[in-house]
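Q:
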Amino acid sequence: MDSTKSSGETAINITESKSGKGKAPATYTAMTKATPYQQGGWKRGISIFDFILRICALVAALAATTTMGTSDESLPFFTQFFQFQASYDDLPTFMFFVVANAIASGYLVLSLPFSIVCIVRPHAAGAKLLLLIFDTVLVGFTTAAAASAAAIVYLAHNGNSNTNWFAICQQFTDFCQRVSGAVVASFIAAVIFIFLVMLSAVALRRH
């Protein structure tokens, strides 16, 4: 008895020998075929993990958007009619940050149905390739937004004596805490995008 395996099918050859003279040995072949679930089991697992990561990235991007978009603090100076105010829309960098993370959030919502398609049909290469392309774009987009905002947050905390930029976080403590948290959430979303790109690349490479 010998067995051969090719293209998801297993052939088992059983040879029966008889003692009678002049009779050729009879060979029986049994064919077993692996089910589609068995063939795409590991790819389905990657697709499920991809879906979970997309939800986590969506939560992080939404948190970054809403936290930065609602960052606003006013300090009274002598009277209530004359105040110092710090708001995210005072700086174009923070405005770009809000727009970039809002776009990332919208994309992640739209990508969820495609991720579900990859779970149902683990061998669908077209959906994986589409997600890989857009995920790569969003990696650069969210990283640029987070990095530029982080530079401003650093100046807000520490200032720069060479350019006479003063630290404002000693006065606007709540504002600085909120924008710092938003930057951290955006970096988390960017890291998750990197993992999504890696997962899609592995799935396509072994397609």
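Heads up: the sequence shown begins at 1 in UniProt numbering, then just goes up one per residue. We treat Cβ as the ideally placed atom computed from N, Cα and C, and that holds for glycine.
(1) Taking the alpha carbon of F187 as the point to measure from, which residue in R205, S47, K43 and V59 has its own alpha carbon closest?
(2) Among A150, G41 and S47, which has the Cα closest to the Cα of F96?
(3) Distance, Cα to Cα, N101 vs L155?
(4) Taking the alpha-carbon positions, what's the V137 to Y88 distance?
(5) Please specify which runs of the alpha helix (DSSP H), each continuous and at least 4 residues long, are wholly inside the UniProt domain "Casparian strip membrane protein" (44-191), giving them in chain order.
(6) Please name the residue in S115, V202 and L91 whose C-alpha comes closest to that of L53.
(7) Give the DSSP-derived three-state secondary structure of Q39 in the structure shown.
(8) Is there contact between the stretch 157-165 and the stretch 124-135, where contact requires at least three CB pairs shorter than 8 Å?
(9) If we count Cβ pairs, one from each stretch, closer than 8 Å, do we get three or more for the stretch 54-73 versus the stretch 101-110?
(10) Using 8 Å as the threshold, is the C-beta distance between L196 and D50 below it?
(11) Measure the alpha-carbon distance for K128 versus L204 and round it to whole angstroms.
(12) Quick one: Cα of I194 to Cα of S111, how far?
(13) Pull up the distance between the alpha-carbon of S180 and that of Q171, whole angstroms please.
(14) Would you call the CB atoms of A201 and L132 closer than 8 Å?
(15) From I168 to Q85, what does the alpha carbon distance come to, in whole angstroms?
(16) Taking all protein chains shown into account, decide if G69 is buried (16 or more other Cβ within 10 angstroms of its Cβ) or exposed.
(17) Within its chain, find whatever has a CB closer than 6 Å to the CB of A185; leave out the 5 residues flanking it on each side and keep chain order.
(18) Kindly list the residues whose CB is nearer than 6 Å to the CB of T163, restricted to its own chain and excluding five residues on each side of it in sequence; keep chain order.
A: On the basis of the supplied data:
(1) V59
(2) A150
(3) 21 Å
(4) One C-alpha to the other measures close to 25 Å.
(5) 92-120 and 125-158
(6) Checking every option, the nearest Cα to that of L53 belongs to S115.
(7) With a pLDDT of 48 at Q39, under the threshold of 50, the modelled position of that residue is not reliable, and no figure is offered here.
(8) no
(9) Yes, since at least three Cβ pairs between the stretch 54-73 and the stretch 101-110 fall closer than 8 Å, the two stretches touch.
(10) yes
(11) 7 Å
(12) Their backbone Cα atoms lie some 15 Å apart in a straight line.
(13) 15 Å
(14) yes
(15) 11 Å
(16) Result: buried.
(17) Apart from sequence neighbours up to five positions away, the residues of its chain that approach A185 with a beta-carbon distance below 6 Å are A60, A63 and A64, ordered along the chain.
(18) none
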